[in-house]
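Asks:
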Amino acid sequence: MRRLFPDTPPEIEERLIAGYRRMSPREKLKRVVELNRAVETMAAARIRAQYGPDLSERELRLRLAALRLDRQTMIDVFDWDPEEKGY
């Protein structure tokens, strides 16, 4: 079997996969939502550290969106050019 996590010992990877297999679809979806929130929290912390803690909520949301959406969409929908204003 091909390894999914080359930096993880095989026995730990097997336990992780077995745990995922035991989860219901609802539990898996909940885990995905939790992980996405964690990623967004870390990205927001990085943005605040880079651009300052006094960033408006709108600017924070735009910078977060720019991490997920392509440049042209950001310009067309939000009038925000990530290459000009930053991510």
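Numbers given in my numbering equal positions in the sequence shown, counted from 1, plus 269.
Glycine residues also receive a C-beta, built at the ideal position from the N, C-alpha and C atoms.
Computed from a prediction, not measured in an experiment: that's the story for all the values here.
1) Along the alpha helix (DSSP H) that carries residue 279, what are the first and last residues, could you check?
2) Are the Cβ atoms of residue 332 and residue 316 separated by less than 8 Å?
3) For residue 314 and residue 353, I'd like the C-alpha separation in whole angstroms.
4) For my contact list, residue 272 and residue 279 are in at a C-beta cut-off of 8 Å; report their separation, rounded to the angstrom.
Replies: So, to answer that:
1) 279-291
2) yes
3) 21 Å
4) 7 Å
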